[in-house]
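Participant:
Number of protein chains: 2
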Amino acid sequence: MTISEVSKRCNISPDTLRYYEKAGLLLDVNRTAGGIRDYTEQDCTQIEFVKCMRSAGLSIEVLRKYFELFKRGKHTLKARRDLLATERKALQERFLELQGTLKRLDYKISVYDQAIASKNKELKF
Amino acid sequence: MTISEVSKRCNISPDTLRYYEKAGLLLDVNRTAGGIRDYTEQDCTQIEFVKCMRSAGLSIEVLRKYFELFKRGKHTLKARRDLLATERKALQERFLELQGTLKRLDYKISVYDQAIASKNKELKF
DNA sequence: ATAGCAGTTGGAGTTAACTCCAAGTCAAGC
DNA sequence: GCTTGACTTGGAGTTAACTCCAACTGCTAT
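So the sequence lines, in the order shown, correspond to chains A and B. Residue numbers for the first sequence follow our numbering, so the first one is 1 and each next one is one higher. Residue numbers for the second sequence follow our numbering, so the first one is 1001 and each next one is one higher.
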């Protein structure tokens, strides 16, 4: 698969794909004789993983560390597990905070609806 | 309340508080005769709101628009309500995505635990 | 009245994560 | 063999959201 095919399929720009690779977020992408990237299914799975983690808020740096550990071989299994567990915990906290914020917004919107129903009575903010 | 008091109380740096004010995220903060900011309880409530929304991912720009509408008076009640509803919807989507990512991480961590238990069998990535 | 500290400003600097660009290479079709 | 279009690289530019800085002002305590 060429970079533009992966780009379309994963909805990530070619520039970003190259950027991720350079940053160490992809494990050795194959090249054709001419030096052109030739992505495998496995690469795509990994790219999807990176995309998912990035959009959940994991930093490039954390993902770089994860793949760096990966390259060091299986004696880093525990370290990788722990890295993921740490990120999971942070994510869980943001998740709960988000839940609270959603409730807060729901409440605020309901207050707005009441204010609008009551002849456009102004609110504090 | 002085800026440093609010800073401690809300755990936001004085620089950020001034930055927010300049960006239009705070409705007219009072000043002493000498030109020093004198925050009210109400200001703090608003700052807390901004902090909460910011950490949920609402942009400075969106919050600026919200407070700009506010300053225009009560004929913007509906517009403000709709702005909040739009952001709420986006938040909800991120919330659900995060939920999926949490599950994915849980699964991945469990796969790691199995791999470690099975004599450190290496994984795909 | 002077030292010292907290506050003020405008503007410059920083960071993360892209995003764009110029100059060059390569494979395919005419 | 030449054009065309997708690919390559290193490096510069961009954006959002702070964060820092220098120069200045103004209370407060000695």
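A virtual CB, placed ideally from N, CA and C, is assigned to each residue, including glycine. Note that the structure is a prediction, hence the values are computed from the model and not measured.
1. Nearest by alpha-carbon distance to Lys1008(B): which of Cys1044(B), Thr1032(B), Val1111(B), Arg1031(B) is it?
2. Please name the residue in Val1006(B), Asn1120(B), Phe1067(B) whose C-alpha comes closest to that of Gly73(A).
3. Does the distance from the CB of Leu1025(B) to the CB of Val1050(B) come in under 8 Å?
4. Quick one: give me the first and last residue of the alpha helix (DSSP H) that Ile1003(B) is part of.
5. What's the gap between the Cα of Glu48(A) and the Cα of Tyr107(A)?
6. Just to confirm, is the Cβ distance from Leu105(A) to Glu1005(B) under 8 Å?
7. What residues in its chain sit with their C-beta under 8 Å from that of Tyr1112(B), if we drop five residues either side in the sequence?
8. With DSSP collapsed to three states, give me the class of Arg31(A).
9. According to the neighbour-count rule (16 or more other Cβ atoms, all chains shown, within 10 Å of its Cβ), is Ile1036(B) buried or exposed?
10. Please identify, using Cβ separations under 9 Å, the residues of the segment 1033-1047 of chain B that lie next to chain A, in order along the chain.
11. Going by the beta-carbon positions, is the gap between Thr1016(B) and Asn1030(B) smaller than 8 Å?
12. With 8 Å set as the bound, which would you pick, yes or no: does the beta-carbon of Leu69(A) sit closer than that to a beta-carbon of chain B?
13. Please report the residue range of the alpha helix (DSSP H) in which Ala1115(B) lies.
Facilitator: If we stick to the structure as given:
1. Cys1044(B)
2. Asn1120(B)
3. yes
4. 1003-1010
5. 36 Å
6. no
7. Leu1123
8. strand
9. exposed
10. Gln1042, Thr1045, Gln1046
11. no
12. no
13. 1077-1117
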